[in-house]
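Reviewing the structure listed below.
Number of protein chains: 4
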Amino acid sequence: MELNGVPIDDTYAEAFPIWVSRVIITAVTEEWAYKAAVEATGFATSAIGCPAEAGIDCYVSADDTPDGRPGIAILICTSKKKMKEQLIERIGECILTAPTTAVFDGLSDVVAGVEEKIPVKLHFFGDGYEEKREISGRTVWAIPKMEGEYVGEEEFGAIKGVAGGNFFVMGETQMSALMGAQAAVDAISGVCGVITPFPGGIVASGSKVGSKKYKFIPASTNEAYCPTLKDKVEGSKVPDGVRAIYEIVIDGVNEDAVRDAMGEGIRAATKVPGVARISAGNFGGNLGPFKFELKDVLKDYL
Amino acid sequence: MELNGVPIDDTYAEAFPIWVSRVIITAVTEEWAYKAAVEATGFATSAIGCPAEAGIDCYVSADDTPDGRPGIAILICTSKKKMKEQLIERIGECILTAPTTAVFDGLSDVVAGVEEKIPVKLHFFGDGYEEKREISGRTVWAIPKMEGEYVGEEEFGAIKGVAGGNFFVMGETQMSALMGAQAAVDAISGVCGVITPFPGGIVASGSKVGSKKYKFIPASTNEAYCPTLKDKVEGSKVPDGVRAIYEIVIDGVNEDAVRDAMGEGIRAATKVPGVARISAGNFGGNLGPFKFELKDVLKDYL
Amino acid sequence: MELNGVPIDDTYAEAFPIWVSRVIITAVTEEWAYKAAVEATGFATSAIGCPAEAGIDCYVSADDTPDGRPGIAILICTSKKKMKEQLIERIGECILTAPTTAVFDGLSDVVAGVEEKIPVKLHFFGDGYEEKREISGRTVWAIPKMEGEYVGEEEFGAIKGVAGGNFFVMGETQMSALMGAQAAVDAISGVCGVITPFPGGIVASGSKVGSKKYKFIPASTNEAYCPTLKDKVEGSKVPDGVRAIYEIVIDGVNEDAVRDAMGEGIRAATKVPGVARISAGNFGGNLGPFKFELKDVLKDYL
Amino acid sequence: MELNGVPIDDTYAEAFPIWVSRVIITAVTEEWAYKAAVEATGFATSAIGCPAEAGIDCYVSADDTPDGRPGIAILICTSKKKMKEQLIERIGECILTAPTTAVFDGLSDVVAGVEEKIPVKLHFFGDGYEEKREISGRTVWAIPKMEGEYVGEEEFGAIKGVAGGNFFVMGETQMSALMGAQAAVDAISGVCGVITPFPGGIVASGSKVGSKKYKFIPASTNEAYCPTLKDKVEGSKVPDGVRAIYEIVIDGVNEDAVRDAMGEGIRAATKVPGVARISAGNFGGNLGPFKFELKDVLKDYL
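As you go down the protein sequences, you meet chains A, B, C and D in turn.
Following UniProt numbering, the numbering of the first sequence begins with 1 at its first residue and continues without gaps.
Following UniProt numbering, the numbering of the second sequence begins with 1 at its first residue and continues without gaps.
Following UniProt numbering, the numbering of the third sequence begins with 1 at its first residue and continues without gaps.
Following UniProt numbering, the numbering of the fourth sequence begins with 1 at its first residue and continues without gaps.
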């Protein structure tokens with residue numbers, strides 16, 4: 001199987017359920033919405049060591065936001081148990097505190113039939129000076145603050161989505177692989193309902209579950225895919241001629257969104273000179289309920 | 001007291017001790033060091049609701065990094081108890097995972113006599129394939145990963161620094177105050193050893209300790225400084241003609257760094273048209289051991 | 001007439017014909033397409049003193065570019081006589097020289113029935129080593145260069161479009177007006193087939209034709225709209241309470257595109273706190289054949 | 001000769017005299033100074049097809065600008081004959097028109113003994129409403145404009161500097177060469193008194209003087225260095241294993257500045273994985289009076 005001359009492994013990505021909320025941040029300009037979004041989605045690469053996985057989904061045009069200002073949609077992904085706390089803290093500490101922001105539930109814009117609603121009562125911050133209002137048919141709280149006023153919804157939809165959709169970008173040189181991964185992240189940013197939660201959207205240190213040597217850690221380097229260990233480990237999966245491998249990890253609101261993102265991302269990576277091969281990560285299919293076969297993901301492009 | 005025609009209140013900022021570590025992230029280009037730094041310092045505005053306060057301190061030229069690559073220094077500020085966990089998680093999940101990064105202790109570059117050292121043993125991720133090396137006289141671990149190799153020190157200095165240095169930028173309009181605050185943040189970015197941990201460096205929702213109405217929350221809106229409440233609360237401190245107030249909060253490695261940052265920031269804000277007044281926040285001096293009198297902070301400029 | 005509480009003058013913008021070409025630049029990543037686009041559209045604010053008016057129109061998704069890579073569309077606007085030279089020099093010196101770029105005619109993507117075609121023969125640069133190819137049904141030249149290969153079409157459509165569509169953003173303070181202008185530019189960036197050619201999309205120095213005092217210059221400050229001259233000139237048009245005025249100048253492929261851009265831009269500006277009034281610039285209707293009445297432009301929003 | 005394990009050719013860069021002016025742009029924030037600088041230095045890669053070579057030199061801290069606001073220094077490089085026109089047009093159309101800018105001569109900050117002064121009389125734009133003032137001992141004109149007021153010096157130093165300092169970054173893959181070139185540009189941005197005028201600082205299409213086949217063009221592809229022609233041309237200079245070559249072209253105020261920039265840039269490029277070799281371009285030494293031997297340039301690093 002080849003795409004744009006790049007071999008594609010006949011394998012699949014294995015993914016897991018995760019709870020997902022989608023928050024629309026609006027502000028006076030795109031730049032200020034972006035700054036709040038960056039702060040709110042930081043320290044959120046992997047649920048293993050971070051309190052959540054989070055990232056920027058996409059820009060939302062002023063035509064499509066409840067208050068007619070430019071917006072950015074973010075996804076926050078975590079366990080159902082932690083979601084309320086994560087929404088309260090990330091919105092309360094990173095968005096309510098940011099200049100000119102307002103906040104709205106954005107999940108129904110991308111998926112139908114959201115039933116679960118998480119209460120996020122930030123209006124207590126108003127110390128009694130807050131008041132209820134309505135914006136475009138939504139109930140919001142307006143909270144006086146030193147800047148003027150914060151406006152926000154206090155109920156956010158949540159659904160069981162998909163975490164850990166992924167593919168590997170392998171390169172003849174490290175920089176070829178890195179630029180291939182960057183091109184993939186660019187392309188995925190155009191797909192609605194997904195994030196690539198790692199730094200700059202890219203994982204440089206794809207891992208395996210557990211450790212052979214250090215039993216006390218939950219994940220460790222995936223030595224079979226480490227180029228510098230190609231001659232040192234048995235059963236290395238680093239193809240000849242590959243000197244670096246990046247993983248793109250994708251979380252999304254549902255399987256369709258993750259599949260689209262994988263397709264767009266892989267296609268983009270294969271256009272970059274020096275990208276040598278595409279593969280994907282799985283654990284033998286025993287762990288995650290979602291399987292994304294690369295041949296299915298790419299069927300419209302092959 | 002006036003600076004560039006802007007009245008300065010004769011008051012002081014009250015600040016508190018916090019533990020501070022400083023991490024230098026290097027990467028193949030400035031951009032990739034920056035992307036890792038942004039992820040590692042996100043969700044870190046206020047120790048009240050975030051696991052730490054963190055931010056970007058400054059660029060570090062390749063001439064001044066241990067591995068001769070471009071770097072960015074970040075500060076991580078939290079309690080002594082939480083520091084180890086925060087260093088492990090933020091470096092482990094947000095920097096080790098990022099493309100082309102290496103990590104070095106950067107505290108001794110800005111303060112002398114650092115005694116406290118925090119162990120940050122990430123080399124277990126290498127699952128036995130890791131090895132010790134030396135770079136510019138520093139002991140580092142090289143950990144094989146899918147990208148190639150991560151290199152990092154595993155001991156980071158920590159000192160008791162200063163959190164909550166601050167000043168208020170008051171504007172004739174909200175946008176004047178916002179641009180004044182932005183100019184202040186720009187100027188502070190040139191001061192070494194400090195961060196402005198809030199989104200884009202700016203606090204739009206300066207708070208008071210506790211709440212009069214909702215006893216269960218640790219902080220609430222500072223109604224005395226809320227422009228929309230000027231005629232609704234007794235003792236409003238919003239000056240006539242002021243329509244918005246932003247707070248710049250500064251954490252730093254020591255009092256000198258915070259004082260310099262306050263001076264540079266205030267001076268910059270007063271150059272912006274429509275900035276109407278500068279003040280600072282304190283709690284009557286009963287809580288924090290550090291006082292930054294604006295007249296001292298600005299003595300070289302007045 | 002009011003929009004979002006901001007008074008709108010019942011006036012019109014007067015605009016002029018200009019020749020317009022639209023060039024799609026693709027590259028390995030969005031960032032590299034953007035860098036080439038920025039260079040190619042610089043020094044191009046006003047046909048009075050610059051060799052052309054030029055700017056970035058919009059991103060073009062990899063799905064919509066001939067070579068399946070991410071792209072950016074730019075407009076180059078000048079007289080019919082100068083267009084060939086400007087295309088040759090701006091593409092030849094600023095895009096062909098840039099890393100990983102390819103170039104395609106992008107005019108037919110936004111307007112139908114383009115008849116005029118401008119030859120842009122850059123393949124001579126190949127010194128005989130160049131060769132013709134086809135990409136997605138388009139004839140291109142592939143030129144060997146030190147980086148590898150440049151690929152480009154050599155015929156670009158041109159049409160008589162519209163220059164000088166405009167509106168004024170007036171603010172209670174300079175920073176309110178500036179942020180209002182910024183919000184307008186953000187919104188206009190989402191409209192296809194238009195550019196805002198001035199720095200950052202904003203004109204700080206709106207001018208009148210000619211000069212009363214210095215007969216040798218083609219344009220001079222529009223003193224009737226200068227806030228600092230409100231009490232010094234007769235017939236000042238600066239409304240009470242207005243302290244700064246920015247002009248947004250729009251060039252586009254046709255009247256519809258310019259009208260849409262004016263509507264989106266004005267609407268966005270009126271959402272910014274401290275924006276006091278919106279107006280537009282004209283010369284009494286004697287000069288330009290195009291009139292954009294604000295009440296027509298905004299009829300869907302009022 | 002090797003640096004960081006990368007072979008360095010024992011050759012030299014040949015460079016030429018060019019006239020250089022240095023303009024400091026200040027604005028309300030760094031961002032607005034930057035936007036004006038980008039517009040003013042666009043369409044300025046090569047004196048062959050552009051009206052000038054221009055670029056951003058460096059940030060100038062508010063401590064070091066005449067008006068105490070953040071600034072950016074740009075270089076404009078052209079023939080002595082064209083300099084006046086280029087200064088008038090680039091400052092007049094791209095900086096005076098930009099929000100909140102002021103302009104100052106910045107050449108004396110980096111070189112001593114500047115004798116040549118170019119008059120740049122923009123105050124005529126004020127149509128008689130302009131007035132002379134003094135800022136930090138400099139004579140400036142304040143010109144009323146719709147935004148408020150533009151302030152600028154009207155005499156700019158010019159010196160005979162150096163154009164065409166250069167080196168080649170050769171890569172095992174195109175992306176390795178590109179990232180090596182990017183790292184070089186990052187490093188050079190820290191050197192005062194130089195620019196890299198091409199798009200993003202990088203030349204993808206290094207050229208030779210004239211053409212063998214098309215006598216009517218002034219420059220054509222340097223086929224000896226084209227990787228795709230390695231087996232098609234006699235005397236190819238593309239080393240085995242090299243698949244892409246980028247050239248970094250440097251203009252500067254004097255030989256020292258260009259030499260420093262070459263050293264910093266080469267050193268940075270050699271730190272990037274997959275950079276295979278460094279060389280430099282010359283024409284046999286018959287044309288340009290300046291020679292930069294790589295072994296001299298790098299003598300502090302080897």
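Note that CB positions come from ideal geometry on N, CA and C, so glycine has one too.
Keep in mind that this is a model prediction, so the values were computed, not measured.
Simplified DSSP assignment, three categories, for D/S79: coil
For the segment 31 to 40 of chain D against the segment 57 to 77 of chain D, are there 3 or more C-beta pairs whose distance is under 8 angstroms? Here the segment 31 to 40 of chain D lies against the segment 57 to 77 of chain D, with 3 or more beta-carbon pairs under 8 angstroms apart.
Report the residue from B/R259, B/F125, B/P273 whose alpha carbon sits nearest the alpha carbon of D/R69. B/P273
Could you list the residues in the segment 273 to 284 of chain D with a C-beta less than 8 angstroms from some C-beta on chain A, going in chain order? P273, G274
I want to see whether chain D comes within less than 8 angstroms of A/M170, judged by CB atoms only; does it? no
Along the chain, which unbroken stretches of the beta strand (DSSP E) at least 3 residues long are found entirely within the segment 82 to 147 of chain C? 102 to 105, 116 to 119, 131 to 135, 138 to 145
So the alpha helix (DSSP H) C/Y59 belongs to, where does it begin and stop? Per DSSP, C/Y59 belongs to no alpha helix (DSSP H); it is in the beta strand (DSSP E), 53 to 60.
Which residues in chain B have a C-beta closer than 9 angstroms to the C-beta of D/A62? List them in chain order. A183, D186, A187, G190, E264, R267, A268, K271
Our contact map puts A/D281 next to A/E234 with C-beta atoms below 8 angstroms; I'd like the distance itself, whole angstroms only. Per the sequence shown, the amino acid found at residue 281 of chain A is Gly instead of Asp. Not quite, the Cβ-Cβ distance comes to about 19 angstroms (not below 8 angstroms), so this is no contact.
Check the Cβ-Cβ distances between C/S205 and every residue of chain B, and say whether any is below 8 angstroms. The C-beta of C/S205 comes no closer than 8 angstroms to any C-beta of chain B.
Quick check on the DSSP output: the beta strand (DSSP E) that includes B/S207 runs from which residue to which? 207 to 209
List the residues of chain A whose Cβ lies closer than 7 angstroms to the Cβ of C/E30, in chain order. D186
Can you have a look at D/L287 and say buried or exposed, based on whether 16 or more other CB atoms are within 10 angstroms of its CB? exposed
Chain A contact residues for B/T41, given Cβ-Cβ distances below 7 angstroms: G42
Cα separation between A/N4 and A/Q174? Their backbone Cα atoms lie some 20 angstroms apart in a straight line.
Would you say C/T173 faces chain B, with C-beta separation under 8 angstroms as the test? C/T173 counts as touching chain B.
I need the straight-line Cα distance from D/D231 to C/G128, nearest angstrom please. For D/D231 and C/G128, the gap between their C-alpha atoms comes out near 15 angstroms.
By the criterion of Cβ-Cβ separation under 8 angstroms, what are the contact partners of C/R243 in chain A? Chain A residues near C/R243: none, gap ~18 angstroms exceeds 8 angstroms.
Determine whether the beta carbon atoms of A/I188 and A/D251 lie at a separation below 8 angstroms. no
Taking the continuous beta strand (DSSP E) assigned at A/S21, which residues delimit it? 12 to 26
Just to make sure I have the definition right: I need the residues of chain C whose C-beta is within less than 7 angstroms of the C-beta of B/M179. Which are they? M175
Within 8 angstroms of any Cβ in chain D, is that where the Cβ of C/F124 sits? yes
Sort out for me which residues DSSP pairs D/I248 with in a bridge. D/F167
Identify which residue in B/R243, B/K213, B/V191 has its Cα closest to the Cα of B/G265. B/V191
For C/G68, go through chain A and note every residue whose CB falls closer than 7 angstroms to its CB, in chain order. K271
Beta-carbon proximity check, D/E221 vs D/S236, cutoff 8 angstroms: Correcting the residue identity first, residue 221 of chain D is Thr in this sequence and not Glu. It is not a contact, given that the beta carbons lie outside the stated cut-off.
Could you spell out the range, first to last residue, of the alpha helix (DSSP H) harbouring B/P266? Per the sequence shown, residue 266 of chain B should be read as Ile rather than Pro. Residues 255 to 270.
Quick one: Cα of C/S21 to Cα of B/K145, how far? 48 angstroms
By alpha-carbon positions, which one of D/I143, D/Y225, D/G193 ends up nearest to C/P227? D/I143
Quick check: what's the CA-CA separation for C/E53 versus C/K82? 11 angstroms
By DSSP, does C/L3 sit in helix, in strand, or in coil? strand
Mind listing the chain A neighbours of B/R90? Cutoff is C-beta to C-beta under 8 angstroms, in chain order. Against chain A, the beta carbon of B/R90 has neighbours under 8 angstroms at F43, listed in chain order.
Terminal residues of the alpha helix (DSSP H) in which B/E223 lies: Per DSSP, B/E223 belongs to no alpha helix (DSSP H) and is neither H nor E.
Along the alpha helix (DSSP H) that carries D/K295, what are the first and last residues, could you check? 294 to 297
C/V38: first and last residue of the uninterrupted beta strand (DSSP E) it sits in: Per DSSP, C/V38 belongs to no beta strand (DSSP E); it is in the alpha helix (DSSP H), 30 to 40.
Residues of the segment 193 to 224 of chain D with Cβ closer than 7 angstroms to any Cβ of chain C, in chain order: So the list reads F198, P199, G200, I202, V203, A204, S205, G206, S211, K212, K213, Y214, I217, S220, T221, N222, E223, given in the order they occur along the chain.
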